[in-house]
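Colleague:
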Amino acid sequence: MLTIERKEGIAGAGDAMEAQGLGSSAPLDPASCSGVWVFGEYRGGALATVSLELLGIGRELADSRKVALSAVLIGSETGDAAGLLIGHGADIVYRVDDPSLASFTDDAYGAILTALIREHKPEIVLAGATAIGRSFIPGVANILNTGLTGDCTELSIRAEDGALLQTKPAFGGNIMATIVCLHSRPQMATVRPKVMTPLAFDGDRQGQVIDVTPSPAQLASRVRVLERVVSEQDDVNIQDADIVVAGGRGLDSAQGFTLIHKLADSLGGAVAATRASVDAGWIGYPHQVGQTGKTVAPKLYIACGISGALQHTAGMQSAETVVAINRDKNAPIFGMADFGLVGDLFEIVPKLIARIAERRKSWGKS
Amino acid sequence: MNIIVCIKQVLDAKDVHLDPVTNNLVREGVPSIMNPYDHYAVEEAVRLRELLGGKVTVLTMGPPQAEEVLRQAVSCGADHGVLVSDRAFAGADTWATSYTLAMAVQVIEAFDLILLGKQAIDGDTAQVGPSLAMRLGVPYVTCVQKVREASDSGLILERMMDDGYDLLAVDYPVLLTVVKGINQPRVPSLKGKMRAKTMEMRKLSAADIGADPLCIGLPGSPTQVEKVFSPPVRSQGTVFTGSLDEQIDQLVDSLKPYL
Ligand SMILES: Cc1cc2nc3c(=O)[nH]c(=O)nc-3n(C[C@H](O)[C@H](O)[C@H](O)COP(=O)(O)OP(=O)(O)OC[C@H]3O[C@@H](n4cnc5c(N)ncnc54)[C@H](O)[C@@H]3O)c2cc1C
Ligand SMILES: Nc1ncnc2c1ncn2[C@@H]1O[C@H](COP(=O)(O)O)[C@@H](O)[C@H]1O
Numbered sequence: 002m003l004t005i006e007r008k009e010g011i012a013g014a015g016d017a018m019e020a021q022g023l024g025s026s027a028p029l030d031p032a033s034c035s036g037v038w039v040f041g042e043y044r045g046g047a048l049a050t051v052s053l054e055l056l057g058i059g060r061e062l063a064d065s066r067k068v069a070l071s072a073v074l075i076g077s078e079t080g081d082a083a084g085l086l087i088g089h090g091a092d093i094v095y096r097v098d099d100p101s102l103a104s105f106t107d108d109a110y111g112a113i114l115t116a117l118i119r120e121h122k123p124e125i126v127l128a129g130a131t132a133i134g135r136s137f138i139p140g141v142a143n144i145l146n147t148g149l150t151g152d153c154t155e156l157s158i159r160a161e162d163g164a165l166l167q168t169k170p171a172f173g174g175n176i177m178a179t180i181v182c183l184h185s186r187p188q189m190a191t192v193r194p195k196v197m198t199p200l201a202f203d204g205d206r207q208g209q210v211i212d213v214t215p216s217p218a219q220l221a222s223r224v225r226v227l228e229r230v231v232s233e234q235d236d237v238n239i240q241d242a243d244i245v246v247a248g249g250r251g252l253d254s255a256q257g258f259t260l261i262h263k264l265a266d267s268l269g270g271a272v273a274a275t276r277a278s279v280d281a282g283w284i285g286y287p288h289q290v291g292q293t294g295k296t297v298a299p300k301l302y303i304a305c306g307i308s309g310a311l312q313h314t315a316g317m318q319s320a321e322t323v324v325a326i327n328r329d330k331n332a333p334i335f336g337m338a339d340f341g342l343v344g345d346l347f348e349i350v351p352k353l354i355a356r357i358a359e360r361r362k363s364w365g366k367s
Numbered sequence: 024m025n026i027i028v029c030i031k032q033v034l035d036a037k038d039v040h041l042d043p044v045t046n047n048l049v050r051e052g053v054p055s056i057m058n059p060y061d062h063y064a065v066e067e068a069v070r071l072r073e074l075l076g077g078k079v080t081v082l083t084m085g086p087p088q089a090e091e092v093l094r095q096a097v098s099c100g101a102d103h104g105v106l107v108s109d110r111a112f113a114g115a116d117t118w119a120t121s122y123t124l125a126m127a128v129q130v131i132e133a134f135d136l137i138l139l140g141k142q143a144i145d146g147d148t149a150q151v152g153p154s155l156a157m158r159l160g161v162p163y164v165t166c167v168q169k170v171r172e173a174s175d176s177g178l179i180l181e182r183m184m185d186d187g188y189d190l191l192a193v194d195y196p197v198l199l200t201v202v203k204g205i206n207q208p209r210v211p212s213l214k215g216k217m218r219a220k221t222m223e224m225r226k227l228s229a230a231d232i233g234a235d236p237l238c239i240g241l242p243g244s245p246t247q248v249e250k251v252f253s254p255p256v257r258s259q260g261t262v263f264t265g266s267l268d269e270q271i272d273q274l275v276d277s278l279k280p281y282l
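Have a look at this one:
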């Protein structure tokens with residue numbers, strides 16, 4: 002059951018130009034801040050899965066602080082997304098649904114979230130470490146004069162003082178750092194997709210949806226979106242995939258990569274690559290994993306013809322299970338793989354595809 | 024076109040680790056390099072200057088030796104270097120860093136365009152670009168993968184998204200952060216190397232940029248590092264035995280939960 006309330010306008014300034022005047026905007030008073038917030042990312046007609054994962058950890062944090070968990074939903078034609086957010090753990094959803102929010106812009110999304118935070122004063126704000134979250138959340142944190150920890154993989158509350166302990170990999174994952182933001186509020190973090198676990202959907206959960214109408218100034222953007230181009234391959238969103246099949250220089254050619262696409266297809270996974278194979282032009286840069294590419298944390302990462310250079314493993318070391326296929330038994334990738342097969346990938350991968358299909362049949366899966 | 028490129032000198036992340044006894048960062052023998060993403064920002068700035076005229080100023084906040092990356096950028100085509108350096112900047116998080124860079128930008132000159140790398144490979148934050156734009160009150164676009172059109176009044180850009188890209192139009196002044204795919208950086212020219220060697224760097228202290236002592240370095244940083252630790256080591260993997268077919272069988276059985 003959802004209760005829906007309607008509200009005109011968001012109090013407080015928040016248009017894109019207010020940033021003028023270096024360091025002058027007034028910070029929130031920590032004593033008046035309470036509540037945990039999650040940014041509900043809505044794009045292309047769906048909620049980002051990381052938003053549901055954030056409600057899972059957000060619920061834990063809110064319960065340990067004995068406060069409410071709220072979600073902020075920004076977008077256009079968001080349909081039943083607010084209900085989903087409540088079913089996955091939110092107590093309150095601030096819904097800002099407007100046709101001009103169909104495309105993401107840093108100005109409008111930033112102005113709206115900033116204004117809502119100023120009005121309701123949460124003590125913790127979480128967002129997904131996605132292209133969108135990592136773009137506009139830093140602007141929001143800056144304008145609120147508070148701290149932000151990017152790409153966290155662990156969050157908890159310190160019992161003594163209630164501080165949010167924000168742990169993230171640094172130096173390409175060679176080091177973990179725990180960051181605190183003691184004196185400014187809210188404490189803000191973006192969280193890596195796939196590392197937190199969502200709660201199961203519960204259609205009976207009670208919650209309140211508050212519809213908020215943004216002002217024209219808040220909707221204005223200095224950057225104009227001309228077109229949104231969604232890649233025709235559906236295997237490019239590697240950060241959202243549970244299974245990632247990755248190829249390296251061992252594939253030998255663009256032609257070789259079709260084998261990787263086939264294995265990924267057979268598993269419903271996405272396709273990743275090393276820098277060496279991207280630089281060779283065998284596959285596009287959006288697929289690159291590592292220090293100068295994307296960071297992924299899938300359940301299963303299958304590395305084929307990849308040596309396992311630190312600049313590559315920096316981007317995939319928080320995968321749950323790693324499989325390595327390489328003909329060089331001394332390749333460093335075997336040092337971090339849970340399962341390794343030493344041999345020629347052109348022989349192994351086709352056999353693997355066939356075997357998976359057979360076994361699935363015998364397990365009664367299609 | 025006045026273009027400013029913010030670049031950072033970083034420890035080469037692949038060689039960084041913690042001393043298992045003292046838990047301190049081991050810096051000895053770890054080379055300092057220009058942040059890899061920043062090469063692409065410098066290259067894009069030089070290309071835009073070649074197209075539209077104007078000049079490229081590279082700016083860094085860092086210790087005195089950070090001058091090296093400024094010289095490296097000059098050898099790759101940048102015109103001027105500005106080093107913002109002061110003991111008081113030590114311990115800056117992204118808030119204090121972007122405040123400092125914003126104050127420095129304001130004393131350097133008027134700009135049409137500011138370019139940065141998407142993120143620095145030490146803290147992996149990707150926050151300085153958006154924060155600097157906010158401080159300066161200009162619009163920003165992160166993760167630019169291509170400049171489609173550039174004119175005297177503005178830019179048409181591709182911004183990399185998780186599932187494709189957005190095509191965007193924006194007028195100057197604007198701040199962009201760039202990803203690797205945007206260009207292929209050139210190698211330093213001989214002439215560039217000569218210029219880089221002899222070139223006079225502009226140096227600015229905290230007082231020179233009129234920084235508020237409470238907004239820089241550790242005092243100006245809302246976040247603090249509470250502790251650092253080495254990541255948990257992955258458990259020793261399983262090695263299969265038998266013929267290749269048997270090994271594949273065992274692998275598929277082990278992967279059953281995922282399939
Ligand atoms: C500043 C900087 C940033 C970088 N950023 C990144 C990054 O973001 N991502 C990244 O991936 N790299 C990055 N690199 C590059 C990285 O150091 C490695 O060069 C790269 O990851 C190697 O790619 P690879 O494993 O595909 O190629 P290689 O190291 O050449 O490995 C190919 C492997 O394939 C195996 N092989 C060959 N043929 C077969 C076969 N038929 N069957 C089975 N196995 C076979 C070989 O044994 C070998 O181990 C970066 C480097 C630098 C300097
Ligand atoms: N101290 C600094 N001096 C100049 N530019 C910086 C500095 N720190 C970060 N940057 C720029 O900001 C980008 C993003 O860095 P970060 O937000 O630290 O990940 C880098 O690629 C640089 O372009």
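Protein chains in written order, with my numbering: chain A, 2 to 367; chain B, 24 to 282.
Yeah, the Cβ is synthetic: ideal placement off N, Cα and C, and Gly gets one too.
Note that this is a predicted model, so its numbers are computed, not measured.
1. Please confirm whether residue 348 (chain A) has its beta-carbon closer than 9 Å to some beta-carbon of chain B.
2. Would you report the Cα separation of residue 88 (chain B) and residue 57 (chain B), rounded to the nearest angstrom?
3. Could you check whether the Cβ of residue 244 (chain B) sits closer than 9 Å to any Cβ belonging to chain D?
4. From residue 174 (chain A) to residue 182 (chain B), what distance separates their C-alpha atoms?
5. Would the segment 234-248 of chain A count as touching the segment 195-210 of chain B if we require 3 or more Cβ pairs under 8 Å?
6. Got a sec: which bits of the segment 128-150 of chain B sit with their beta carbon under 7 Å from any beta carbon on chain A, in order along the chain?
7. Please confirm whether any heavy atom of ligand 2 lies closer than 8 Å to the CB of residue 124 (chain B).
8. Between the Cα of residue 368 (chain A) and those of A:303, A:353 and A:359, spot the shortest distance and give me the residue it belongs to.
9. Listed by chain order, which residues have C-beta atoms less than 7 Å from any heavy atom of ligand 2?
10. Classify residue 268 (chain B) as buried or exposed, calling it buried when 16 or more other Cβ atoms lie within 10 Å of its own Cβ.
11. So what does DSSP say about residue 50 (chain B), is it helix, strand or coil?
12. Is any beta-carbon of chain B found at less than 9 Å from that of residue 31 (chain A)?
13. Closer than 9 Å, CB to CB, is residue 210 (chain B) near chain A or not?
14. Following the continuous alpha helix (DSSP H) through residue 234 (chain B), name the residue where it begins and the one where it ends.
15. Would you say residue 308 (chain A) touches ligand 1, meaning its beta carbon is less than 8 Å from a heavy atom?
16. Comparing C-alpha positions only, which one of B:64, B:77, B:240 and B:83 sits nearest to residue 105 (chain B)?
17. Would you verify that the beta carbon of residue 42 (chain B) is, or is not, closer than 9 Å to some beta carbon of chain A?
18. What does residue 14 (chain B) touch in chain A if you count any residue whose Cβ is under 7 Å from its own?
19. Can you tell which of A:205, A:204 and A:187 has the C-alpha that lies nearest to the C-alpha of residue 30 (chain A)?
20. If contact means a Cβ-Cβ distance below 8 Å, which residues of the segment 174-192 of chain A contact chain B?
21. Run the proximity test for residue 175 (chain A): is its beta-carbon closer than 8 Å to any non-hydrogen atom belonging to ligand 1?
22. Just the Cα atoms here: how many angstroms apart are residue 129 (chain A) and residue 222 (chain B)?
23. Given this structure, state the Cα-to-Cα distance separating residue 156 (chain A) from residue 197 (chain A), to the nearest angstrom.
24. With a 10 Å radius around its C-beta and 16 neighbouring C-beta atoms as the bar for buried, classify residue 348 (chain A) as buried or exposed.
25. Hey, is residue 113 (chain B) close to ligand 1, as in C-beta under 8 Å from one of its heavy atoms?
26. Between which residues of its own chain and residue 278 (chain B) is the CB-CB distance below 7 Å, once the five residues before and five after are set aside?
27. Just checking: is the beta-carbon of residue 104 (chain A) within a distance shorter than 9 Å of some beta-carbon in chain B?
28. In chain order, what residues of the segment 149-181 of chain B put their CB closer than 9 Å to some CB of chain A?
29. Within the same chain, show all residues whose beta-carbon is closer than 6 Å to that of residue 102 (chain B), passing over the 5 residues directly before and after it, in chain order.
30. Could you tell me whether the Cβ of residue 304 (chain A) comes closer than 9 Å to any Cβ of chain B?
31. Rounded to whole angstroms, what's the CA-CA distance from residue 149 (chain A) to residue 263 (chain B)? Just pull it up for me.
32. Straight-line CA distance for residue 38 (chain A) to residue 154 (chain B)?
33. At which residue ranges does the segment 192-217 of chain A contain complete beta strand (DSSP E) runs of 3 or more residues, listed in the order of the chain?
34. Is any beta-carbon of chain B found at less than 9 Å from that of residue 286 (chain A)?
35. For chain B, check one thing: does any of its Cβ atoms lie closer than 9 Å to the Cβ of residue 337 (chain A)?
36. Give a yes or no on whether the minimum CB-CB distance between residue 356 (chain A) and chain B is below 9 Å.
Modeller: According to the structure shown:
1. Translated into the one-based positions of the first sequence, residue 348 (chain A) becomes position 347. By this cut-off, residue 348 (chain A) is an interface position.
2. Here residue 88 (chain B) refers to the residue found at position 65 of the second sequence. Here residue 57 (chain B) refers to the residue found at position 34 of the second sequence. When only Cα atoms are considered, residue 88 (chain B) and residue 57 (chain B) end up about 12 Å apart.
3. The chain inventory of the structure shown lacks chain D, comprising the protein chains A and B.
4. In the first sequence, the residue the question calls residue 174 (chain A) occupies position 173. In the second sequence, the residue the question calls residue 182 (chain B) occupies position 159. Their Cα atoms are separated by approximately 26 Å.
5. No, because fewer than three Cβ pairs between the segment 234-248 of chain A and the segment 195-210 of chain B fall closer than 8 Å, the two stretches do not touch.
6. Going along the segment 128-150 of chain B in chain order, one finds 144, 145, 146, 147, 148, 149 and 150 with a Cβ nearer than 7 Å to chain A.
7. Start at 1 with the first residue of the second sequence, and residue 124 (chain B) comes out as number 101. Checking every heavy atom of ligand 2 against the Cβ of residue 124 (chain B), one is found closer than 8 Å.
8. Outside the displayed span of chain A (2 to 367) sits residue 368 (chain A), for which this structure offers no information.
9. Output, sorted by chain position: B:29, B:30, B:31, B:58, B:60, B:61, B:64, B:82, B:83, B:84, B:85, B:117, B:120, B:124, B:139, B:140, B:141, B:142, B:143, B:146, B:147, B:148, B:149, B:150, B:151, B:152 and B:200.
10. Taking the first residue of the second sequence as position 1, residue 268 (chain B) is located at position 245. Exposed, by the Cβ-count rule.
11. For the purposes of this step, residue 50 (chain B) is taken as residue 27 along the second sequence, with counting starting at 1. Coil, per DSSP.
12. For the purposes of this step, residue 31 (chain A) is taken as the residue at position 30 of the first sequence. It does not; no Cβ of chain B falls within 9 Å.
13. Start at 1 with the first residue of the second sequence, and residue 210 (chain B) comes out as number 187. Judged by the 9 Å Cβ criterion, residue 210 (chain B) is not in contact with chain A.
14. Your numbering for residue 234 (chain B) matches position 211 in the second sequence. No alpha helix (DSSP H) contains residue 234 (chain B), which DSSP labels as neither H nor E.
15. In the first sequence, the residue the question calls residue 308 (chain A) occupies position 307. Result yes, Cβ under 8 Å from ligand 1.
16. Here residue 105 (chain B) is taken as the residue at index 82 of the second sequence, counted from 1. Of the candidates B:64, B:77, B:240 and B:83, the one whose C-alpha sits nearest the C-alpha of residue 105 (chain B) is B:83.
17. Within the second sequence, residue 42 (chain B) is the residue found at index 19, counting from 1. Closer than 9 Å to the CB of residue 42 (chain B) there is not a single CB belonging to chain A.
18. Not covered by the structure: residue 14 (chain B). The range shown for chain B is 24 to 282.
19. Position 29 of the first sequence, counted from the start, is the residue given in the question as residue 30 (chain A). Of the candidates A:205, A:204 and A:187, the one whose C-alpha sits nearest the C-alpha of residue 30 (chain A) is A:187.
20. 174, 175, 176, 177, 178, 179, 180, 181, 182, 183, 184 and 185
21. Here residue 175 (chain A) refers to the residue found at position 174 when the first sequence is read from its first residue. No; taking the cut-off as 8 Å, the Cβ of residue 175 (chain A) has no heavy atom of ligand 1 nearer than that.
22. One-based indexing of the first sequence puts residue 129 (chain A) at position 128. One-based indexing of the second sequence puts residue 222 (chain B) at position 199. One C-alpha to the other measures close to 44 Å.
23. As a position in the first sequence, residue 156 (chain A) is number 155, starting the count at 1. As a position in the first sequence, residue 197 (chain A) is number 196, starting the count at 1. Rounded to the nearest angstrom, the two C-alpha atoms are 9 Å apart.
24. Indexing the first sequence from 1 puts residue 348 (chain A) at position 347. Exposed is the call here.
25. Working through the second sequence from its first residue, we reach residue 113 (chain B) at position 90. Because no heavy atom of ligand 1 lies under 8 Å away, the Cβ of residue 113 (chain B) does not count as near it: no.
26. Sequence index remark: in the second sequence, residue 278 (chain B) carries index 255 (1-based). Excluding positions up to five away in sequence, the list is empty.
27. In the first sequence, the residue the question calls residue 104 (chain A) occupies position 103. Closer than 9 Å: yes.
28. 149, 150, 151, 152, 153, 154, 155, 156, 157, 158, 159, 160, 161, 162, 163, 164, 165, 166, 168, 179, 180 and 181
29. Residue 102 (chain B) sits at position 79 when you count from the first residue of the second sequence. Excluding its 5 nearest sequence neighbours in each direction, residue 102 (chain B) has C-beta neighbours in its own chain below 6 Å: 78 and 79, listed in chain order.
30. Here the question's residue 304 (chain A) lines up with position 303 in the first sequence. Not closer than 9 Å to any Cβ of chain B, the Cβ of residue 304 (chain A) fails to qualify, so no.
31. Within the first sequence, residue 149 (chain A) is the residue found at index 148, counting from 1. Within the second sequence, residue 263 (chain B) is the residue found at index 240, counting from 1. Rounded to the nearest angstrom, the two C-alpha atoms are 44 Å apart.
32. Here residue 38 (chain A) refers to the residue found at position 37 of the first sequence. Here residue 154 (chain B) refers to the residue found at position 131 of the second sequence. Their backbone Cα atoms lie some 21 Å apart in a straight line.
33. Counting whole runs of 3 or more residues, the segment 192-217 of chain A contains the beta strand (DSSP E) stretches 208-214.
34. One-based indexing of the first sequence puts residue 286 (chain A) at position 285. Interface residue, yes.
35. Numbered from its first residue, the first sequence carries residue 337 (chain A) at position 336. Yes, residue 337 (chain A) lies at the interface with chain B (some Cβ there is under 9 Å from its Cβ).
36. What you label residue 356 (chain A) is simply residue 355 of the first sequence in a count that begins at 1. Chain B, which has a Cβ nearer than 9 Å to the Cβ of residue 356 (chain A), makes this yes.
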